[in-house]
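Residue 86 is where the sequence shown starts when you use our numbering, and the numbers rise one by one after that.
Each remark here refers to the structure printed beneath this line.
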Amino acid sequence: MAATATAILHWNAIPVFADIDPVSYNIDPASVERLISPRTRGIMAVDIFGQSCNIDALRAIATKHQIKLLVDTAQSPGALYKGRHAGTQADIGGYSLNYHKHIHSGEGGIIVTNDDHLAERTRLIRNHAECVVQAASPADLSNMLGYNFRMGEIEAAIALVQLGKLKERVASRQRAAAELNAALAGLEGLRTPVVSKNCTHVYYVYGLHIDIDTLGVSRQRIAEALRAEGVPGVMTGYQNVHMYPLFQQKIAYGTSGFPWNSPYCAREVNYDFGICPVAEDLHTRTFIGLNLCMCEFQSSDIQRVAMAIRKIWGQLNALKD
Ligand SMILES: Cc1ncc(COP(=O)(O)O)c(C=O)c1O
């Protein structure tokens with residue numbers, strides 16, 4: 086989860102965290118707009134839990150401020166935005182092929198872009214800024230620091246076969262989510278995932294919002310009850326990345342506070358609890374996620390999960406402190 090933010094630090098830029106939308110859980114364009122400064126170079130959005138962020142709104146902000154839009158689609162391969170694959174409408178989109186994802190090849194990932202210049206730069210970065218571009222003789226390699234980000238042939242071969250399975254993997258998670266939605270409809274204080282306008286959802290995580298204040302039961306008690314009923318993959322909250330020690334202590338390279346104490350960082354960047362109230366409230370109090378991605382759930386499994394949740398909702402009074 087930290088990868089999206091640390092990727093920014095890897096390129097000597099300083100992450101500034103925007104808040105999320107309380108319903109889609111994706112980055113909130115209004116929060117992004119408020120945080121843009123003359124030093125902002127890009128918007129890095131995540132297509133969280135299985136559906137695209139609001140590309141139109143983010144693109145409008147990026148165009149207005151002449152900055153780039155990057156989208157991390159690690160959790161949403163196969164999701165569509167206005168009928169096109171999530172991640173493909175950014176300046177650069179990125180997918181993960183790690184073991185937790187809809188399709189995987191052990192390790193690896195894919196970058197997509199329609200921009201030839203960015204494509205060339207990413208190919209260079211992948212390969213020590215050398216070799217693969219000799220024929221193309223790029224104009225200027227002077228500030229190119231490449232790495233070995235090459236994907237192995239074997240992983241790539243596995244990924245190609247996996248790609249052929251993506252549609253069915255997505256369809257099976259969509260079937261599971263639709264069954265859960267139907268079975269949980271009408272439970273007081275429980276909001277099942279809402280598919281955003283222009284989007285399809287591929288349910289990396291099936292996110293539940295619990296109205297703790299109305300129900301008067303803590304999330305912890307509900308999660309314990311779910312686990313006791315044998316519901317798999319229950320996650321309480323979703324880590325607020327700005328609360329990681331890396332950001333709290335502002336120590337990334339060495340021990341002296343670089344890069345926040347360098348001349349690159351022209352202003353005080355605040356990572357205090359409170360900067361992203363929506364994300365923080367979801368993480369600390371009101372969000373429960375079900376991991377739908379790691380397994381193929383049969384209809385009978387989903388019905389058992391739904392029955393367990395309905396049973397707990399029938400006994401909420403007993404869970405009150
Ligand atoms: C949103 C998001 N971005 C990035 C990553 C990192 O992907 P990888 O481990 O393939 O680098 C993950 C991994 O879980 C993720 O969920």
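We treat Cβ as the ideally placed atom computed from N, Cα and C, and that holds for glycine.
Residue i, enclosing beta strand (DSSP E) - first and last residue
| i | result |
| --- | --- |
| L293 | 290 to 295 |
| D157 | 153 to 157 |
| A130 | 127 to 131 |
| V108 | Taken as a continuous stretch (DSSP letters only), V108 belongs to no beta strand (DSSP E), as it is neither H nor E. |
Reduced DSSP category for residue i - H, G, I as helix; E, B as strand; rest coil
| i | result |
| --- | --- |
| S161 | coil |
| H187 | coil |
| I177 | strand |
| N402 | helix |
| I99 | coil |
| V280 | coil |
| V197 | strand |
| L94 | helix |
| R124 | coil |
| R169 | strand |
| L300 | helix |
Residue i, buried or exposed, once every other Cβ within 10 Å from all chains shown has been counted against 16
| i | result |
| --- | --- |
| M379 | exposed |
| S109 | buried |
| P278 | buried |
| K396 | exposed |
| Y338 | exposed |
| A242 | exposed |
| M390 | The question names Met, but residue 390 is Val in the sequence shown. By the neighbour-count rule (16 or more Cβ atoms within 10 Å), V390 is buried. |
| Q160 | buried |
Enclosing alpha helix (DSSP H) for residue i [first to last residue]
| i | result |
| --- | --- |
| V255 | 251 to 269 |
| V246 | 238 to 248 |
| I210 | 201 to 211 |
| V117 | 114 to 120 |
| R144 | 140 to 150 |
Which parts of the segment 303 to 386 are runs of the beta strand (DSSP E), unbroken and 3 residues or longer, counting only runs that do not cross its ends? Fully enclosed beta strand (DSSP E) runs of 3 or longer: 319 to 321, 372 to 376.
Counting pairs of beta carbons, one from the segment 356 to 372 and one from the segment 122 to 134, are three or more of them closer than 8 Å? No contact exists between the segment 356 to 372 and the segment 122 to 134.
Answer yes if the segment 159 to 179 comes into contact with the segment 131 to 146, meaning at least three C-beta pairs across the two stretches below 8 Å, and no otherwise. Contact between the segment 131 to 146 and the segment 159 to 179 is present, because at least three Cβ pairs lie under 8 Å.
So, do the segment 138 to 152 and the segment 253 to 272 have three or more beta carbon pairs nearer to each other than 8 Å? With a cut-off of 8 Å, the segment 253 to 272 and the segment 138 to 152 do not count as touching, because too few Cβ pairs lie within range.
Could you tell me whether the segment 145 to 155 touches the segment 173 to 188, using the rule of 3 or more Cβ pairs below 8 Å? The answer is yes - the segment 173 to 188 touches the segment 145 to 155, with three or more Cβ pairs under 8 Å.
On the three-pair Cβ rule with 8 Å, is the segment 367 to 375 touching the segment 315 to 323? Contact annotation: the segment 367 to 375 touches the segment 315 to 323, with at least three C-beta pairs closer than 8 Å.
The segment 262 to 276 contacting the segment 297 to 304, beta-carbon criterion three pairs below 8 Å: Taking a cut-off of 8 Å on C-beta distances, the segment 262 to 276 touches the segment 297 to 304, as three or more cross pairs fall below it.
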